[in-house]
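Student:
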Amino acid sequence: MIKKFLLILLLIISFSSLSAAEIQIIDLHSSKSANEENNTGKDEVILSENTEATTINLDEEDLLTEEVDINELNKNNDSAEINEETILENENIESNLVSNTNILSVPGYWEKSNKLDLDFFFNEVKLSHSEIINNNFIETLTNFSDIPQMYSQSEFDYLRINLLMKLGYKEKVQDFIKNINTYDSYVDFYNFLQLDYYLITNNLTEACSFKNSFQDDYNDKNNFILKVNIFCSFLENKIDEADLLNSLLIELNDKDQIFQNLYDNLKNKSEDTNLQFNNEIEKSSFSLYSAMIRIGNLPFDEKFLEFDPSNLCIPIVLSASTDIALRLKAAHIGYNLGLFDAESLSALYQTVDFTKDELTNWENTLKINTNNPEIIMALLFQNVRIQLLEITKLEALQIFWQFAENNNFEKLAYEVTKNLFISTKPSAELSDYALKLAKAHIANNNFEESEKWILFAKNYTTSSSEYNTEDILNIEFLNNLYQQEINDDFIILLEQNFEKIFLNNGSTNIQNELFKSILSLIIDNNELIDNLKIKKKVFDERLMPSKFLIDSFNSSVDNEKIGEMILIAMVSLNDKTWKTIHPEHLVILLNGFIESNQEKLFRNLLIEIFEDSKII
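The opening position of the sequence shown corresponds to residue 43 in the numbering used here, with each subsequent residue numbered one higher.
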């Protein structure tokens, strides 16, 4: 009888909430000391939170979307002070979104493919190590192409949304859902994404209103909706109601101890912020946990970042109570995912509180933090900023860039420091830094400046310089590759400088195999290419894709199935890098992109491969 009574009471509460006024969020921290308030200022970050990112789990029944908006840190370069600020999304942007009833399909991506083939490849695909391949595939997936054969529109929309979630591009889901006509076909599934979106973006008023949108027969497998009701009642300061609902949750034998710990912490305003997340975390509740943690100003655990980096990296960065090492790690991940820009990262770097001794003796600090490369990046960045002389600043920059390169932060490092070297002008005393500065400008697409430094290096590099003709030529080649299409002029440049670029650079056997494979597709001069010597061996430990996969890729090229072609390329790459791919496998892929007229994709892949192989 008690259980039935509580269930009836829950229904009454749920229906009454439909007409509830805007939720008043209670202030859990009104008693925070003035000293705490002052100390948090340095850790706060200016962010504008829009509504354009979503997180989802692949299994619909276990689904929880945790959506993170693209947040932007605005930083005054003359100050290390950072303040948090929420900027409302421009209403005009939303009003200009494509109408659901007027979606224009893009021809050529998917309509020539069929369900039997795609189902297999979609099930096998995962993110590759190639950012270029990944980005091109996501572009084909999210464009509104005509649907493949044997799919209904609702099926293909649902499949694409699931695939975006599987691959971790959850920030793309929200915009995609806004522009589909098939929402009602999977209404509870998409409603779940909406609810999680509101929770993960801390839009709690919308979340607490939207929780009533689910159909009466919805299977609340993990009691997620009930937990949201408890949280919302607490936010409305209806503590007795929240406790009653929580009693019902416990009576339902819910095993989610993390929710109970968080709820108790919020109610009691506990000073103990060392929450334990040792239990198996309920996947379908991550967005709710994150909202509760943020409302309580509690520290995030690294498990949140590991589970859903695309949606939770920004809330972790914003959490002043979270350990700075984890915040920095989250920021680096956010940068790689395109959610966190370089200016924001430079601002966060400056919030790390190093002592004068730690900065002055940065080499000792580096040794102590060998397991925290993100902390060292902040340390070396601050070391650059405190330099007063141009020459010492460039010395510090070179150290910063070298560490970044050794830890796969090179792209980030060039962008985050661009304002520190953009005004540096060529002079004789700076000649030893000329090519490093040229490469930094290339990385920031500032080709006018990069060409100035390349020319300067040619004319003023001294005999004591570490650079030689091959170094200069490699940078010049990189500069041209970034700017030019793979046309006749580029090929002539390549042939004229072939020996200096490819033969005199001390390249390894793996590099030579890569170069030989690539150049065979570009240069029609076998005699020249044969100068690249490769090791004699009978077998190769690097695996080739299956005959089925190769035939499917070639068929997609021949039949202009562009989306399927890039999809199969991703499947074939699996966990391979450009250093570990079989050379013949690489030839098949690149030749397919050439034959299908994907010139931009081919050129960008060449840049990625050359940079990954460390030739340039």
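Glycine included, each C-beta is placed from N, C-alpha and C at the ideal position.
Note that the coordinates shown come from a computational prediction; the quantities given were computed from them, not determined experimentally.
#1: Taking buried to mean at least 16 other C-beta atoms within 10 Å of its own C-beta, is Leu615 buried or exposed?
#2: What does DSSP give as the partner residue(s) for Gln191 in the beta ladder?
#3: Given this structure, state the Cα-to-Cα distance separating Ser363 from Phe179, to the nearest angstrom.
#4: Output yes or no for whether 8 Å exceeds the beta carbon distance between Ala373 and Leu347.
#5: Given a cut-off of 8 Å on the beta-carbon distance, is the pair Ile203 and Phe218 in contact?
#6: Can you tell me whether Gln640 is helix, strand or coil according to DSSP?
#7: Which term fits Ile651, buried or exposed, when burial requires 16 or more other beta carbons within 10 angstroms of its beta carbon?
#8: To which residues of the same chain is Leu379 closer than 6 Å at the C-beta, ignoring the five residues directly before and after it?
#9: If we ignore side chains and look at the alpha-carbon of each, how far apart do Thr619 and Ile281 end up?
#10: Should Glu512 and Ile496 be called a contact, given that it needs their Cβ atoms to be closer than 8 Å?
#11: How would you label Asn295, buried or exposed, when you count the other beta carbons within 10 angstroms and need 16 or more for buried?
#12: Can you give me the Cβ contacts of Asn425 inside the same chain, cut-off strictly under 7 Å, excluding the 5 residues immediately before and after it?
#13: Report the rounded CA-to-CA distance for Gln216 versus Leu235, giving the unit in angstroms.
#14: Determine, using beta carbons only, whether Met612 and Ser598 come nearer to each other than 8 Å.
#15: Measuring alpha carbon to alpha carbon, tell me which of Gly210, Asn221, Ser251 and Ser255 ends up nearest Phe231.
#16: For Glu653, does the three-state DSSP call read helix, strand or coil?
#17: Let me make sure I understand the geometry here. Which of Glu637, Leu609, Glu173 and Lys603 has the alpha-carbon closest to that of Asp188?
#18: Compare the C-alpha of Leu462 against each of Asn554, Leu436 and Asn303 and name the closest.
#19: Looking at the structure shown, is Leu347 part of a helix, part of a strand, or coil, going by DSSP?
#20: Are Ile418 and Phe445 closer than 8 Å when you measure CB to CB?
#21: Can you find at least 3 beta carbon pairs, one from the segment 191-205 and one from the segment 635-655, that sit closer than 8 Å?
#22: By Cβ distance below 6 Å, which residues in the same chain neighbour Glu555 in space, the five residues on each side in sequence not counted?
#23: For Glu495, name the three-state secondary structure that DSSP assigns.
#24: Quick check on the DSSP output: the alpha helix (DSSP H) that includes Gln299 runs from which residue to which?
#25: Are the beta-carbon atoms belonging to Glu457 and Asn486 less than 8 Å from one another?
#26: Can you tell me whether Ile623 is helix, strand or coil according to DSSP?
#27: Check each candidate in Cys355, Leu277 and Ala284 and name the one with the smallest Cα separation from Lys212.
#28: Check whether the Cβ atoms of Asp654 and Lys621 sit closer than 8 Å, and answer yes or no.
Tutor: So, from the data block:
#1: Here Leu615 is buried: its Cβ has 16 or more other Cβ atoms, across all protein chains shown, within 10 Å.
#2: Asn156
#3: Ser363 and Phe179: Cα-Cα distance of roughly 38 Å.
#4: No, Cβ-Cβ distance for Ala373 and Leu347 is not below 8 Å.
#5: yes
#6: coil
#7: buried
#8: These residues qualify, in order along the chain: Ser352.
#9: 54 Å
#10: no
#11: exposed
#12: Leu401, Trp404 and Ala438
#13: If I take the Cα positions, the gap works out to 8 Å.
#14: no
#15: Ranking the options by Cα distance to Phe231, first place goes to Ser255.
#16: If DSSP states are grouped into helix, strand and coil, Glu653 belongs with the helices.
#17: For the residues Glu637, Leu609, Glu173 and Lys603, the minimum Cα distance to Asp188 belongs to Lys603.
#18: Leu436
#19: helix
#20: yes
#21: no
#22: Ile576 and Pro625
#23: Checking the displayed sequence, the identity of residue 495 turns out to be Trp instead of Glu. Helix, per DSSP.
#24: Its alpha helix (DSSP H) spans residues Gln299 to Asn310.
#25: Here Glu457 is near Asn486, since their CB atoms are less than 8 Å apart.
#26: coil
#27: Cys355
#28: yes
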